[in-house]
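First residue of the sequence shown? That's 0 in numbering that gives the first Met the number 0, and the numbers climb one at a time after it. All C-beta atoms, glycine included, are put in the ideal place defined by N, C-alpha and C. See structure below.
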Amino acid sequence: MVTETDELAAALDFAAARYPGLSRAQLLTRLALEGHGTAQHAQEARRRQRLDALRAHSGTLTGAYGPRYLERLRQEWPA
Numbered sequence: 000m001v002t003e004t005d006e007l008a009a010a011l012d013f014a015a016a017r018y019p020g021l022s023r024a025q026l027l028t029r030l031a032l033e034g035h036g037t038a039q040h041a042q043e044a045r046r047r048q049r050l051d052a053l054r055a056h057s058g059t060l061t062g063a064y065g066p067r068y069l070e071r072l073r074q075e076w077p078a
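Encoded structure:
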């Protein structure tokens, strides 16, 4: 059960022009599925951007710390 607020009514009216002949419930379903698809697409785009950034910077610090760096660093820590 959904309360049809003024904002939701406006969205459904707008959707009715795009999808004539559908009931308000069908329009709501259509809008929910479209919103889900849009959100999923945006999430996948953000994931691709993060992976692209990782790939672009991968290996940029290779060799910067030298061999056995962590071992020497850990020896400086208090016991």
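Between the alpha carbons of residue i and residue j, how many angstroms are there, rounded?
| i | j | result |
| --- | --- | --- |
| Ala-14 | Thr-2 | 17 Å |
| Tyr-18 | Leu-26 | 8 Å |
| Asp-5 | Arg-23 | 14 Å |
| Thr-52 | Arg-45 | The question names Thr, yet the displayed sequence has Ala at residue 52. The straight-line gap from Cα to Cα measures roughly 11 Å. |
| Ala-16 | Gln-48 | 35 Å |
Mapping DSSP to helix, strand and coil, what is residue i?
| i | result |
| --- | --- |
| Tyr-68 | helix |
| Leu-21 | coil |
| Thr-37 | helix |
| Leu-60 | coil |
With distance defined between alpha-carbon atoms, name the residue in the options nearest to residue i.
| i | options | result |
| --- | --- | --- |
| Glu-33 | Arg-54, Ala-10, Ala-78, Arg-67 | Ala-10 |
For residue i, I'd like the list of residues in its chain whose CB is within less than 6 Å of its CB, leaving aside the five on either flank, ordered along the chain.
| i | result |
| --- | --- |
| His-56 | none |
| Leu-60 | none |
Whose C-beta lies closer than 8 Å to the C-beta of residue i among residues of the same chain, with five residues either side of it excluded?
| i | result |
| --- | --- |
| Arg-67 | none |
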